[in-house]
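One structure below.
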Amino acid sequence: MATTINGDTGIDKVQDGSVVNADLATGIDAAKLTGTLPAIDGSALTGISSYADSDALSLFNVSGSAPVYASRAWVNFNGTGTVAIRASGNVSSITDNGTGNYTINFTTAMPDANYAAVATTHTSYTTGGEARIAATQDYQTGSVVVETGYGTFANQDEPIVNVVVFR
Amino acid sequence: MDKRIVYTNDDGSISIIIPANCGLTIEEIAAKDVPAGKEYHIVNASDIPSDRTFRNAWTWE
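Protein chains in written order, with this note's numbering: chain F, 1 to 167; chain H, 1001 to 1061.
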């Protein structure tokens, strides 16, 4: 038995020189199909351009060749009144531990605790008073603590607290 | 998410978990972010006082 590809009728099964069944789907017993498909390697692919580091950099609209390290987690939350998360990425929750003290919990843990956590705060106080401070501590793979305060670091809740993690 | 998770710390103070919109359920977040062995309670966000003047004195009854 042989099969031929016919431009008009598709795939035909031929036996003793005659087309005996034009419906290949029902013409071949699946149990009789043996063998393995040839391996496919990259050399068989055509029309695909090679990847370059500059391609990735161009995605970030940056110039030069310095590498880009994207944030692994970030959060913007309100630490006053009803504490609430405005927006976040790779953060499952924040834990309000007390005045000006919060734990940032990562949805997916960092590979280790040697990451850089950057915290900033924005105060609603427009005149007088001390500069507001946001400080990080207790670096864990699954969380980091941020404290907000002022002056000689008396803890105080702040309306905007930002934390960004790089690794 | 309008829910909060409350648990009591060893020193008697309480911590309140504010869940993010991360695709996990409140129960999944509790299982992940509440310290191991701590009893916790899931409450409505509206049950948490918004006046934080005496936040460090809050306790759970």
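The C-beta atom is built at its ideal place from N, Cα and C for all residues, glycine as well.
Using a beta-carbon distance below 7 Å, is residue i in contact with chain H?
| i | result |
| --- | --- |
| N105/F | yes |
| N162/F | no |
| G241/F | The structure shown does not extend to residue 241/F, since chain F spans only 1 to 167, so no value can be given for it. |
| T121/F | no |
| V83/F | yes |
| D157/F | yes |
Mind checking if residue i is an interface residue toward chain F, Cβ cutoff 7 Å exclusive?
| i | result |
| --- | --- |
| D1002/H | no |
| I1018/H | yes |
| G1044/H | The sequence given here places Asn at residue 1044/H; Gly does not occur at that position. No, no contact with chain F. |
Taking residue i as part of the beta strand (DSSP E), name the residues at either end of that continuous run.
| i | result |
| --- | --- |
| I104/F | N101 to F106 |
| K1038/H | Unbroken run through K1038/H: none, as it is neither H nor E. |
| D96/F | V91 to G98 |
| N76/F | S71 to N78 |
| T148/F | S143 to Y150 |
| Q140/F | That residue, Q140/F, is in no beta strand (DSSP E); it is neither H nor E in DSSP. |
| R1004/H | K1003 to T1008 |
| D160/F | Note that residue 160/F is Ile in the sequence shown here, rather than Asp. Segment I160 to F166, the beta strand (DSSP E) holding I160/F. |
Span of the alpha helix (DSSP H) holding residue i?
| i | result |
| --- | --- |
| S1046/H | Here S1046/H belongs to no alpha helix (DSSP H), and DSSP marks it neither H nor E. |
| S54/F | D53 to L59 |
Leaving out five residues on either side along the sequence, give the residues of the same chain with a beta carbon under 8 Å from the beta carbon of residue i.
| i | result |
| --- | --- |
| T1059/H | T1008, G1012, S1013 and I1014 |
| S1046/H | D1002 |
| A56/F | V68 |
CB residue i to CB residue j, shorter than 7 Å?
| i | j | result |
| --- | --- | --- |
| V145/F | D138/F | yes |
| S88/F | V75/F | yes |
| D96/F | I1029/H | no |
| T121/F | A134/F | yes |
| A116/F | T136/F | no |
| R72/F | V163/F | no |
| T103/F | N90/F | no |
| R1004/H | V1043/H | yes |
| N105/F | S49/F | no |
| T141/F | S1050/H | no |
Excluding the five sequence neighbours on either side, which residues of its own chain have a C-beta within less than 7 Å of the C-beta of residue i, listed in chain order?
| i | result |
| --- | --- |
| Q156/F | T99, G100, T148, G149 and Y150 |
| V62/F | V68 |
| M1001/H | P1019, N1021 and I1026 |
| R86/F | N76, F77 and N78 |
| E1039/H | Y1007 |
| I1048/H | R1004 and I1016 |
Might you give, ordered along the chain, the residues of its own chain that have their beta carbon closer than 6 Å to the beta carbon of residue i, omitting 5 neighbours on each side?
| i | result |
| --- | --- |
| F60/F | V68 |
| R167/F | R72, M110 and Y115 |
| A66/F | none |
With 7 Å as the threshold, decide whether the Cβ of residue i is near any Cβ in chain C.
| i | result |
| --- | --- |
| D1011/H | Among the protein chains in the structure shown, which are F and H, there is no chain C. |
Report task. Anything in the segment 27-42 of chain F with a Cβ closer than 7 Å to a Cβ of chain H? List those residues in chain order, please. Result -> none
Requested in this report: With 7 Å as the C-beta to C-beta threshold (strictly closer), list the residues of the segment 1023-1042 of chain H near chain F in chain order.
Outcome: L1024, I1029, K1032 and D1033
Query raised in the report: Which residues, in chain order, does the segment 88-114 of chain F contribute to contact with chain H at a C-beta distance below 7 Å?
Result: S88, V91, S92, S93, I94, T95, D96, N97, G98, T99, N105 and T107
Query raised in the report: What residues from the segment 51-84 of chain F come within 8 Å of chain H, judged by C-beta to C-beta, listed N to C?
Result: V75, F77, T80, G81, T82, V83 and A84
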